[in-house]
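Asker:
Residue numbers (this note's numbering), protein chains in the order written: chain A, 2 to 582; chain B, 2 to 582.
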């Protein structure tokens, strides 16, 4: 492609609304343009990279035995009502009525639709296993779209759904997808890690996430450099850090308390005016957060409970929800807090809290003489002690892991990182097939629910993730497989007929062997801008033809990634470039 | 692909809601399934055909020099407000608010968005010409979706938009698209005709439509078998059929009237109770429709006018709109009719109609002693005559052509046909660029509006149109380029290990040379069903391996289109099949 015959509007300045490196560079290198908040136009370079990512995904899905289909974006909300997700995912679903008054929605994902399809079209074990995938546009009503195409309202996704007769079948399909995902991200050239995931809204029972470490990633995960353990933050179990053995839930709390060393001092009420945060109380009373216990009032379904955490620890709602087997678990509102504690928000404490159950985090069980709220406005208690002053009803692991904790596998140190989710694979089980009636007759003629898995990849995110992990101060550094073009020819001084002829000759020669993989910068513009744009675009092989190379009958070949220039005789240029790509 | 590893749910019966051949066969051959009114799931065979159609389109667009981009389906209505199309196309636009309350719409087409892009990114003549295309999903809120994927609410479209500095540039881009469209439809194997089109809602000044003749096509076009003239019904000019010379608009109406032969009889009011239609009046008064004049009261913007037509002719609102240079031209409502004529609907007539202008169709000018409404309830006039009883303010061609008319080019006979629009190319001019500010600086530094063209193809319709034109009583007959698979291997009695081994050998051999173009019917099912399904699926080359062919060390090769079977030695089978595809 000749530069002058396509549209590559490069920019010198970062766009004002961009923070993520990929967002900045995708706009500056002319890959995308914003249409409105959360929607982007893919310009010629952008759609070429996106199509390449989609093709890698399609090839690897086919190779793994998955079968392509295409489901509509317009979906009937009835199916989503039946699975309960019209409510639980309401925040991100675009809903509206059509002209005839019928309710419609735009699909943020397709479990309901594909299960409806399986319920209608698959009825015998002979038709199983099958894995159906599509490469299709999803819509999500993001209130705060950000980071360019990373979190947008409309994006291209590959979603696959496997149907099996038994768990072993699911395992096999799941493993095939796991391997396919590794091949996809390897081919794309991504730096990624596969972590144990939280099944969340999908309602499955096991999942893994593929993450690109990135400061703009909204997912937080834990990684152990020693043993390779990796999991999403909310999943990581916390041991009791100061002891050698893992603590499990015990009814005999006395045993645990005995481990605390200090002598119990006298409990006292102190006045702490307006101090509703751990920091404020700590400053006032001159104690560290590890000497304070915070009391979080939570609701789980229609129950209310108190959760005790060490002052420097954070509540893990996901663990609490799993502990209580109640998906609808949240922090209580002010009114509920006042009702159950008798005091205002910010002053809750376990002492005297009789009306609700108290769950203490393991770390709290190691503490003594700590500060807690007094369940009265502007009052805290000092020298609070477990057993003497109150008794937790349950002890459990309900906090988020910190980088001071140990790896739950090897007891080594862990790191907490931000990651950009590029893929997620789930073992769904029978949740959707049971609700939507996706049943098959087994060999004995017995009706059984199909066992499902689902497997998603954000195609746009593959492109953005590559750039997040592969750029320098001058621009993008594409991998071979995702690069919009593999070769860029820069011609200096095109008004010189020899330079023009040589450039044209090389462009045609390369195009004839590698097709639409060659971009020729044939603009009538200064060499400085051409070189700057070449680095910004990040095409892997950059070939320069100018006065001096023509004089020597050579071309200069440079790899974008290592920036080393090499002069190659003109006659050998095409062959040499062919080897590089 | 092995049949048992994909999903091809064939059906014996036509779906109850299907009328179009393509709709019936796409469902029965397992290409599509309805999700809800106007939305379809593409099953594996369906998406393979759709992808093949999309690939042909992409290849030919690239070959013609168009450059791929991708624009969002979610669009900001502001841009559509500025061009006025939020109102004129309101019927088919899905509109809603997002969670933040911001108005959104789903794009039924992308002129507004691409012009917005050009306005921002193109500013110099050096960047022109350019032709930007996308293959993208469109949404239209069809009140009555029908004919399967032919008129659905969500469909895949290729839309291209050219930008030029001058009319010659537009001509060149337009011609390149015209040629690309012919190549696309030729390669797809479609039976089609290119007709002069009505620019309608696009607001352009010239357009051509590509049509597949089909009884389910909703577009009506006129074709002359003699000279090849073809145009959309509403565009075809009507001469005055009984005369040798074309009649043009004249102020000297006396001259036209002189051509009428009969003597004017005495005008009389007759009682015609409850007769509000041409048929009813004709029956009652024993006159043919060609002796009656119907008076259509119309509104054009804020003007009201009367249009006179011969009783057996139909009003052409499109011609009337062009004549009056008023895009918003319609039949008047009952209230307006009563107000301007003084009589109820169904009894309007030109005599005494003073308050509004009267436009007479050319054919009316040849009539004498005709019947018209009397502008009174249950009353008509007989022996009405032009000039004596009333004078038209204008004479013009305002009717639809009929198959009794002559070809406007060669004066031969014409045919009126139903067609399915598969492509439409428009010269848009500067309508969108002027409104949305898509300006460029010419060589002299003067700001000029870009001159636009737009070019659409319904990808789903390519697939449906092929089937509309290529099937028999047993099923689909695919063209080579659109066929989901090019070869189908039918194995009879797969429990025979020799037959299984031979089948597997041929399947692997063919797959290794032609990739995913081979479908192997490896089902454990009766031969009768396999043969019936083979004809239904319509894969071009059908290869059968069974007891007798194994005994003879042959395979049977049949072409679906001519149904002739040929025995070929097993060792030569792959080579022979290779030649056929």
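No residue lacks a Cβ here, since even glycine has one placed at the ideal position from N, Cα and C.
1) Would residue 68/A count as contacting chain B if we go by Cβ distances under 8 Å?
2) Using alpha carbons as the reference points, say which of 331/A, 313/A and 311/A lies closest to residue 320/A.
3) In three-state terms, what does DSSP make of residue 384/A?
4) Of all the residues that make up the region 94-110 of chain B, which are near chain A by a beta-carbon distance shorter than 9 Å?
5) Can you give me the start and stop residues for the alpha helix (DSSP H) that residue 49/A sits inside?
6) Using a C-beta cutoff of 8 Å, does residue 193/B count as contacting chain A?
7) Could you tell me which of 560/B, 77/B and 440/B sits nearest to residue 127/B, measuring between CA atoms?
8) Less than 8 Å between the CB atoms is what I'm expecting for residue 69/B and residue 48/A, so what's the real figure, rounded?
9) Using C-beta distances below 6 Å, list every residue in its chain close to residue 260/A, excluding the 5 sequence neighbours before and after it, in chain order.
10) Does the Cβ of residue 337/A lie closer than 7 Å to at least one heavy atom of the ligand PLP?
11) If you draw a straight line from the alpha carbon of residue 360/B to that of residue 371/B, how long is it in whole angstroms?
12) List the residues of chain A that residue 6/B touches, going by C-beta distances under 7 Å, in chain order.
13) Which of the three DSSP states, helix, strand or coil, is assigned to residue 376/B?
14) Which word fits residue 310/A, buried or exposed, when buried means at least 16 other C-beta atoms lie within 10 angstroms of its C-beta?
15) Could you please give the first and the last residue of the uninterrupted alpha helix (DSSP H) stretch that includes residue 510/A?
16) With a 10 Å radius around its C-beta and 16 neighbouring C-beta atoms as the bar for buried, classify residue 206/B as buried or exposed.
17) Under a three-way DSSP split, which group does residue 166/B fall into?
18) With distances taken from CA atoms, which of 217/A, 14/A and 315/A is nearest residue 21/A?
19) Grouping DSSP H, G and I as helix and E and B as strand, with all else coil, what is residue 448/B?
20) Given this structure, state the Cα-to-Cα distance separating residue 554/B from residue 547/B, to the nearest angstrom.
21) Compute the beta-carbon to beta-carbon distance between residue 212/B and residue 193/B, rounded to the nearest angstrom, for a pair I have assumed lies under 8 Å.
22) So the candidates are 138/B, 118/B and 97/B; which of them puts its Cα closest to the Cα of residue 109/B?
23) Just curious, the alpha helix (DSSP H) that residue 416/A is in, first and last residue?
24) Assign residue 521/B to one of three DSSP states: helix, strand, or coil.
25) Expressed to the nearest angstrom, what Euclidean distance is found between the alpha-carbon atoms of residue 415/A and residue 170/A?
26) Spell out whether any CB of chain B is found under 8 Å from the CB atom of residue 407/A.
27) Can you tell me whether DSSP reads residue 549/B as helix, strand or coil?
28) Residue 144/A and residue 133/B look like a contact to me (Cβ under 8 Å); what is the Cβ gap, rounded to whole Å?
29) Say whether chain A places a C-beta atom closer than 8 Å to the C-beta of residue 495/B.
30) If contact means a Cβ-Cβ distance below 7 Å, which residues of the region 14-34 of chain B contact chain A?
31) Does the region 45-63 of chain A come within contact of the region 478-493 of chain A, defined as at least 3 CB pairs closer than 8 Å?
32) Consult DSSP for residue 215/A and reduce its assignment to one of helix, strand or coil.
33) Hey, quick one: how far does the alpha helix (DSSP H) through residue 121/B stretch, first residue to last?
34) Determine, using beta carbons only, whether residue 461/B comes closer than 8 Å to chain A.
35) Using 8 Å as the Cβ pair cut-off and three pairs as the minimum, do the region 494-503 of chain A and the region 464-481 of chain A touch?
36) Determine whether the beta carbon atoms of residue 38/B and residue 28/B lie at a separation below 8 Å.
Answerer: If we stick to the structure as given:
1) Locating residue 68/A in the first chain gives position 67, counting from the first residue. Yes, residue 68/A counts as interfacial toward chain B.
2) The residue labelled residue 320/A in the question sits at position 319 within the first chain. Comparing Cα positions, the closest option is 331/A.
3) Here residue 384/A refers to the residue found at position 383 when the first chain is read from its first residue. If DSSP states are grouped into helix, strand and coil, residue 384/A belongs with the strands.
4) Taking 9 Å as the Cβ-Cβ cut-off against chain A, the residues of the region 94-110 of chain B that qualify are 95, 96, 97, 98, 99, 100, 101, 103, 105 and 107.
5) Sequence index remark: in the first chain, residue 49/A carries index 48 (1-based). Residues 45-64.
6) As a working note, residue 193/B is residue 192 in the second chain. No Cβ of chain A is located within less than 8 Å of the beta carbon of residue 193/B.
7) Here the question's residue 127/B lines up with position 126 in the second chain. Checked all of 560/B, 77/B and 440/B; the closest Cα to residue 127/B is 440/B.
8) Taking the first residue of the second chain as 1, we reach residue 69/B at position 68. Taking the first residue of the first chain as 1, we reach residue 48/A at position 47. Confirmed, about 5 Å.
9) In the first chain, counting from the first residue as 1, residue 260/A sits at position 259. In this prediction, residue 260/A has a pLDDT of 43, which is less than 50 and means its spatial position is unreliable; what the coordinates show is noted afterwards. Same-chain partners within the cutoff: there are none.
10) Absence of the ligand PLP from the depicted structure is noted, as is the absence of any ligand whatsoever, leaving it without description.
11) In the second chain, counting from the first residue as 1, residue 360/B sits at position 359. In the second chain, counting from the first residue as 1, residue 371/B sits at position 370. Whole-angstrom Cα-Cα distance: 17 Å.
12) Start at 1 with the first residue of the second chain, and residue 6/B comes out as number 5. What residue 6/B touches in chain A: 66.
13) What you label residue 376/B is simply residue 375 of the second chain in a count that begins at 1. Of the three classes helix, strand and coil, the one that applies to residue 376/B here is coil, per DSSP.
14) Counting from 1 along the first chain, the entry for residue 310/A is found at position 309. Residue environment: residue 310/A is assigned as buried (16 or more neighbouring CB atoms within 10 Å of its CB, all protein chains considered).
15) Position 509 of the first chain, counted from the start, is the residue given in the question as residue 510/A. Note, residue 510/A: alpha helix (DSSP H), 498-515.
16) The sequence position of residue 206/B within the second chain is 205, counting from 1. Counting Cβ neighbours within 10 Å, residue 206/B comes out exposed, since fewer than 16 surround it.
17) Position 165 of the second chain, counted from the start, is the residue given in the question as residue 166/B. The answer is coil: DSSP assigns residue 166/B none of H, G, I, E or B.
18) Within the first chain, the letter at position 20 stands for residue 21/A. Among 217/A, 14/A and 315/A, the Cα nearest to that of residue 21/A is on 217/A.
19) Residue 448/B sits at position 447 when you count from the first residue of the second chain. Three-state result, residue 448/B: strand.
20) As a first step, residue 554/B is located in the second chain; it is residue number 553 there, counting from the start. As a first step, residue 547/B is located in the second chain; it is residue number 546 there, counting from the start. Taking the straight line joining both Cα atoms gives about 10 Å.
21) Looking up residue 212/B in the second chain gives position 211. Looking up residue 193/B in the second chain gives position 192. Rounded, the Cβ-Cβ distance is 6 Å, consistent with contact.
22) Numbered from 1 along the second chain, position 108 holds the residue referred to as residue 109/B. Ranking the options by Cα distance to residue 109/B, first place goes to 138/B.
23) Locating residue 416/A in the first chain gives position 415, where the first residue counts as 1. Residue 416/A -> not in any alpha helix (DSSP H); beta strand (DSSP E) instead, spanning 416-430.
24) For the purposes of this step, residue 521/B is taken as residue 520 along the second chain, with counting starting at 1. Note: residue 521/B maps to strand in three-state DSSP.
25) Taking the first residue of the first chain as position 1, residue 415/A is located at position 414. Taking the first residue of the first chain as position 1, residue 170/A is located at position 169. Looking at the two C-alpha atoms, the distance is approximately 35 Å.
26) As a first step, residue 407/A must be located in the first chain, where it is residue number 406. No - not a single Cβ of chain B is within 8 Å of the one on residue 407/A.
27) By one-based count along the second chain, residue 549/B stands at place 548. Three-state result, residue 549/B: helix.
28) Taking the first chain and counting its residues from 1, the one referred to as residue 144/A is at position 143. Taking the second chain and counting its residues from 1, the one referred to as residue 133/B is at position 132. The C-beta distance from residue 144/A to residue 133/B rounds to 31 Å, too long to meet the 8 Å contact threshold.
29) Stepping through the second chain from its first residue, residue 495/B is reached at position 494. Taking Cβ atoms only, chain A never reaches closer than 8 Å to residue 495/B, which makes this a no.
30) For the region 14-34 of chain B, the residues whose beta carbon sits under 7 Å from a beta carbon of chain A are, in order, 34.
31) With a cut-off of 8 Å, the region 478-493 of chain A and the region 45-63 of chain A count as touching, because enough Cβ pairs lie within range.
32) Along the first chain, read from residue 1 onward, the residue named residue 215/A stands at position 214. The answer is coil: DSSP assigns residue 215/A none of H, G, I, E or B.
33) The residue labelled residue 121/B in the question sits at position 120 within the second chain. Where residue 121/B is concerned, the enclosing alpha helix (DSSP H) stretches over 112-122.
34) Residue 461/B sits at position 460 when you count from the first residue of the second chain. No, residue 461/B does not count as interfacial toward chain A.
35) Here the region 494-503 of chain A does not lie against the region 464-481 of chain A, with fewer than 3 beta-carbon pairs under 8 Å apart.
36) Counted from its first residue, the second chain places residue 38/B at position 37. Counted from its first residue, the second chain places residue 28/B at position 27. No, the pair does not count as a contact, with Cβ atoms beyond the cut-off.
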